[in-house]
Amino acid sequence: MQVRNFTERFHTPRVRRGLLACLVLLVVYLVGVNLFINSDLLPRLAAPHPERTKITWERAWTVAPGLIHVRGFKLRSHTRGTVWTLEVDTGRAFFNVFALPFRTVHIVAPRARGIDFVLGTADTVLPRKKKTKPGMKIRINFARAVGIRTMKIGEMAIEGSVRAGGNFSTRARGPLRMKGASLKVDSGTIRYGEETLATGLGINGRASIDQFVPREHRGESLLPFLVARIRVGGEIADLSFLNALLQSTKSVSFGGGSGRIDADLRLTRGVVEPESRLVTEEATITVDYLGYRAEGTGRILGFSAADTTVHELLNFHLESYSLAVRGEESPYLEGKDLVVSVRGDEGLQLAEKGLQSDVIIDMPETQVPDMTVYNRDLPSKDGIRIVSGKGRIQSHVEILERTGGGSAEAHLVAEGLVIEIDDKEVVGDIKITGLVKVLDLEKMVFDPSGTRVELRNAGAFVGNAEGENPEWWGVLEIPAGRIALAHPPSGEADFTIEAESAAPVFALFAKTQKKADKMDRRLKTEDLSGSGHVRLGEGLIALTGLEVEGGKAQVRADLCIQRGELHGLVHAKYGILAVAAELHDKKETLHITSPKKWFERNRESFTCGQ
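Residues in the sequence shown are numbered consecutively from 2, following my numbering.
Set out below in structure tokens:
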């Protein structure tokens, strides 16, 4: 009974007239809107300045109020310095017409398929357009795009199966908001020009941006407004983008490489979350640090925890490598398991400018097949060079850029070392234990206090003379000093010495080996000990304040090698006998009358490169 009454009321003339009116309005709407969206009027209204923005489509239609379908859509926009184009094969979207009175273009659930996007540099720069009132607000909700064939930005292009979506809102000269945006790439390829940068690439990312106003943050990073999680995997032909993670350090830079990457990056307003990770296996790696370049193969780790408070931005583990001075092609050593680690505090602040990181460099014991590579650090202009020898080196370096400090420990052992000093020859085995502290990281100035040099099986000879099997030993220690790692290095240091005898010293200053041997036999200097001060500079070696005693002998000297010439003052005493000498290049002047007074008087005015 109730159903029949409802049906009777529904079939009243008033209801039928209302339904007929709605049907007529719908037909009029569909006909009018379809004619309107396929005319030239809508593109002109949507883009009144075709030199800046041009919109076209092959076909558009609607079958329901607010729902628009489009085929062959093209959008070209020319901003001041760039041009970007968007082409869509097919698409549909709901338009909320009730938002238009509020100066809002509200697009709901847009769907697009078959997309090409290209962003490039404009051939001409358009003048800045003056605007007197805020632009219209644009809101896009529940967007989804599939079948994105190409995304090209400049010379960079992403090809493959790409899907994207999300919610967006913006206003001209107003804030940009993005919520729940997603990007998924399967079997993608990234190219730069004709060069392939990545293949088999998989990307799965979600991101949100809150209240970013470009005109208020010109030249600033988007990172403080970004919350994102991005997972990436694939073969990367160029890993140079990792340098973006090294902006906080001046000591290390990534020279590039390739490898398979597996990354899960979690970013919250510019802070890398501890759960993030980055692994690059079977990578070719080039990393620069402290004036050196290491090239090899290994793996790269990122965002891993060194302990509960310190996290690694990047960890380069070169399982096999060669090391060369930056700018030189030939490497001077080859080794395994070099580790270069860049560390920061928990919660890495990628968005903050001026932040600094700490650098840890571990070099396990590595063979140096030819010690002549160190000739670049010697004053060759003064006739000093390494002729032969082999060795091994081990080092641990900590550069604390956040505090401007740091330290290093290095162990260098050389065997069968042969060094030429003018026409003299020094042979032996050497062991250097270097302990340094950073004084000025910017200028690479260090304190070598604690450094120790040991010589064993050593000897010095004049010319091509052959002496007995060298068995001389000596130890030099540096209690204080300052050195700058330039090429060549410069600086100064106090030192103490202990030695078996003064035989090598006699050979260095004697004209013939016969005279050197004769002086050694007569003086019989044994159990030498002494101290002095050494200063290094370009083409300069100054040895001042030298005080050495051994047996009955005592030697005091100020010596200088400058531009290959030796000059200086020497006072030698043996028992009750004493003599002073003035050295100038290869000439010497002896003073046997009051030698001590003569030496002390002239020592006060002695200068070397000052």
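Ideal Cβ placement from N, Cα and C applies to all residues, glycine included.
Here Leu247 is not near Ser241, since their CB atoms are 8 Å or more apart. Arg453 and Ala415 have their C-alpha atoms roughly 14 Å apart.
DSSP places Glu601 inside the alpha helix (DSSP H), whose first and last residues are Pro596 to Arg604. Nearest C-alpha to Glu399 among Val439, Ile433 and Ala503: Val439.
In the three-state DSSP reduction, Met157 falls in the strand class (E or B). Partner residues in the beta bridge of Phe462, as assigned by DSSP, are Glu426. Membership of Val186 in any alpha helix (DSSP H) is not indicated; the residue belongs instead to the beta strand (DSSP E) covering Leu177 to Tyr193.
Residues of the same chain with a CB within less than 6 Å of the CB of Glu426, apart from the 5 flanking positions on each side, are Phe462 in chain order. Sequence-distant Cβ neighbours of Ala500 in its own chain, meaning closer than 6 Å and more than five residues away, are Gly475 and Leu529.
In this structure, Pro370 lies near Lys391, with their beta-carbon atoms less than 8 Å apart.
Following the DSSP letters along the chain, one finds Ile394 inside the beta strand (DSSP E) bounded by residues Ile385 to Leu401. Counting the other Cβ atoms within 10 Å of the Cβ of Glu402 gives 16 or more, which makes it buried. Annotation for Asn35: Trp62 and Thr63 place their beta carbon closer than 7 Å to its own, counting only its chain and skipping 5 residues before and after. Residues of the same chain with a CB within less than 7 Å of the CB of Ala504, apart from the 5 flanking positions on each side, are Trp473 and Asp521 in chain order. As a beta-bridge residue in DSSP terms, Met152 pairs with Phe118 and Ile159.
In this structure, the CA atom of Ile577 is about 23 Å from the CA atom of Leu584.
Tyr293 carries a strand assignment under DSSP once its states are collapsed to helix, strand and coil. Taking C-alpha positions only, Thr373 is separated from Arg386 by approximately 8 Å. With contacts defined as CB atoms closer than 8 Å, Pro66 and Gly92 fail to qualify as a contacting pair. Judged by DSSP in its simplified three-state form, Gln514 adopts helix. When only Cα atoms are considered, Tyr290 and Glu335 end up about 16 Å apart. In this structure, DSSP gives Thr54 an extended state, which the three-state scheme calls strand. Nearest in C-alpha terms to Arg207, of all of Arg300, Met179 and Thr197, is Met179.
Exclusion of the five residues before and after Gly297 leaves Thr285, Ile286, Leu319, Glu320, Ser321, Tyr322, Ser323 and Leu339 as the residues of its chain whose Cβ lies within less than 8 Å of its Cβ.
In the displayed model, Cys609 falls within coil according to three-state DSSP, outside both helix and strand. Here DSSP, grouped into helix, strand and coil, assigns Thr250 to coil. Per DSSP, the beta bridge partners of Cys561 are Ala543 and His568. If you look at Ile69, you'll find it in the beta strand (DSSP E) that goes Leu68 to His79. For Ala573, the number of other beta carbons within 10 angstroms of its own is at least 16, and it is reported as buried.
Between the alpha carbons of Thr404 and Gly345 lies a gap of roughly 12 Å. Annotation for Phe95: no alpha helix (DSSP H) segment contains it, though the beta strand (DSSP E) segment containing it runs Thr83 to Phe96. The beta-bridge partner set that DSSP reports for Leu227 consists of Ile210. At a Cβ-Cβ threshold of 8 Å, Ile237 and Ile262 count as neighbours.
Straight across, the Cα-Cα distance linking Ile484 with Glu329 is about 23 Å. As computed with DSSP, Ala245 is found in no beta bridge at all.
Using a Cβ distance threshold of 8 Å, Gly429 and Leu418 count as a contacting pair.
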